[in-house]
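full-length UniProt numbering numbers the first residue of the sequence shown as 2 and each following residue consecutively.
Glycine included, each C-beta is placed from N, C-alpha and C at the ideal position.
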Amino acid sequence: PAPIVLDSDPGIDDAVALQYLLGTGLWDLRAYTTVGGNVPAAQTFRNGRALARAFGIDRDVPVHRGAGRPLTRLPYAAAGEFHGPAGLGAEELSDSTAPEQTESSAQAMLRLSREHEGELTVCATGPLTNVALALSEDPGFARRVKRLVFMGGAAEVPGNITPVAEFNAWADPDAADLVVSSGIPYTMVGLDATHGWRFHAEDLRTLEEAGQGMALTSRLMSWYLNAYDPASGCPLHDPLAVGVCADESFVTAADGTVVVETASELTRGKTVFIPYDADYPRPYYSESPLVSARTEHRGRIALGTGPRDFAKD
Ligand code: BDR
Ligand code: CA
């Protein structure tokens, strides 16, 4: 199995992403790093530890506490509407009794990038604050990481927290922009793709029939489905990012550059996607110093659902 860090703000779909990652058998999860986002950082840390316990990994996988606020802005706005007041629906999970890690999420990522230079995948399913802090402390993080796959942004579709911005990118736009301009090899898995892979009421029945090991996930997904819309299903945002770490064919992706809006309050966190294409951007645009400086850093951007069926996987 390949070394990976999962950086999350659990969060219901974050929790499901963790269980999915463990279930693939493909990964050696070196750390579960938490970050504030869906709920405040103290709560995502507690949730992360409780989930590690519930999934039977709390003695093997260290859980780290992450950034309590975005790089430059007021504390994260909560997403309790979709995740419940404490982030995990109606669950009241037992706290983990494993010793608390004192190393922060960003410090753990930096250490692991040195221990597994060129091999470490980082999957981020919350605001990108921890990754940005790691890069700010040591820009070499960008070249030591094999790939960063993050759930966030909306390249060509509307947002889900504002008309133009997706929640994770909006929550800490300065972090997101720092990350995509750092030179780190990245794949952005945003709403363009996640809205296409939906979980439906009939999938709930499959989970319910799967037995005790899926009982928690089944309750969480039932809560999430009701918070979205039971009739049209709920997107599998964070699990899809985990899937893409192993197999890009869950999405269709293109080469391009992402620039995140940090100046405007109105369009805060909008992810502007500049395709890498001989005819585009148009010369008048590419001659802009902002754009030409930024298009040096090219990433992979998911633009839709891929040929391989993620929902079945
Ligand atoms: C993202 O926002 C969070 O609420 C979800 O966990 C997911 O990471 C979707 O916009
Ligand atoms: Ca999340």
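Residue interval of the alpha helix (DSSP H) (run including residue i)
{"i": "threonine 195", "result": "192–195"}
{"i": "tyrosine 21", "result": "13–25"}
{"i": "serine 219", "result": "216–228"}
{"i": "phenylalanine 83", "result": "81–84"}
heavy atom of ligand 1 below 8 Å from residue i C-beta
{"i": "glutamate 118", "result": "no"}
{"i": "asparagine 161", "result": "yes"}
{"i": "threonine 130", "result": "no"}
{"i": "glutamate 167", "result": "yes"}
Proximity test, residue i beta-carbon vs ligand 2 heavy atom, cut-off 8 Å
{"i": "threonine 296", "result": "no"}
{"i": "histidine 196", "result": "no"}
{"i": "methionine 152", "result": "yes"}
{"i": "glycine 38", "result": "yes"}
{"i": "aspartate 239", "result": "yes"}
{"i": "threonine 126", "result": "yes"}
{"i": "serine 9", "result": "yes"}
{"i": "aspartate 173", "result": "no"}
{"i": "glycine 12", "result": "yes"}
{"i": "aspartate 178", "result": "no"}
Residues of its chain near residue i, where Cβ-Cβ distance is below 6 Å and the 5 sequence neighbours each way are ignored
{"i": "tyrosine 225", "result": "Ile13, Cys235"}
{"i": "glycine 257", "result": "Phe274, Ile275, Pro276, Tyr277, Ile302"}
{"i": "serine 219", "result": "Leu208, Glu209"}
{"i": "arginine 148", "result": "Thr122, Pro186"}
Cβ shell of residue i (< 7 Å), same chain only, five flanking positions each side left out
{"i": "histidine 238", "result": "Asp14, Met152, Thr195"}
{"i": "glycine 191", "result": "Gly153, Gly154, Ala155, Ala156, Glu167, Thr272, Ala303"}
Start-to-end residues for the beta strand (DSSP E) that takes in residue i
{"i": "tryptophan 28", "result": "28–35"}
Where residue i sits in the DSSP three-state scheme
{"i": "residue 318", "result": "In the structure as shown, the chain begins at 2 and stops at 314. Residue 318 is therefore absent and cannot be evaluated."}
{"i": "leucine 89", "result": "coil"}
{"i": "valine 243", "result": "helix"}
{"i": "valine 180", "result": "helix"}
{"i": "glycine 201", "result": "Per the sequence presented here, residue 201 reads as histidine, with glycine not at that position. Histidine 201: coil per DSSP, three-state reduction."}
{"i": "alanine 3", "result": "strand"}
{"i": "threonine 73", "result": "coil"}
{"i": "serine 106", "result": "helix"}
{"i": "threonine 45", "result": "helix"}
{"i": "arginine 66", "result": "strand"}
{"i": "threonine 188", "result": "strand"}
Any chain D beta carbon closer than 9 Å to residue i
{"i": "alanine 55", "result": "Checking the listed chains, one finds no chain D in this structure; it contains a single protein chain."}
Neighbourhood of residue i by C-beta distance below 8 Å, restricted to the same chain and skipping five residues each side
{"i": "asparagine 48", "result": "Pro11, Gly12, Ala16, Thr35, Val40, Ala87, Gly88, Leu89, Leu94"}
{"i": "glutamine 213", "result": "none"}
{"i": "leucine 27", "result": "Pro2, Ala3, Ala247"}
{"i": "serine 250", "result": "Gly307, Pro308, Arg309"}
{"i": "glycine 305", "result": "Asp193, Ala194, Gly197, Val252, Thr253"}
{"i": "leucine 111", "result": "Ala135, Glu138, Asp139, Phe142"}
Ligand 4 heavy atom lying under 8 Å from the CB of residue i
{"i": "glutamate 92", "result": "Inclusion of ligand 4 in the displayed structure is not the case, the ligand content consisting of ligand 1 and ligand 2 alone."}
- Please list the segments of the beta strand (DSSP E) lying wholly inside the segment 248–305, counting only runs of 3 or more residues, in order along the chain. 252–261, 272–276, all fully within the segment 248–305.
- Item | Whole beta strand (DSSP E) elements within the segment 110–177, 3-residue minimum | Complete beta strand (DSSP E) runs here, min 3: 121–125, 146–152.
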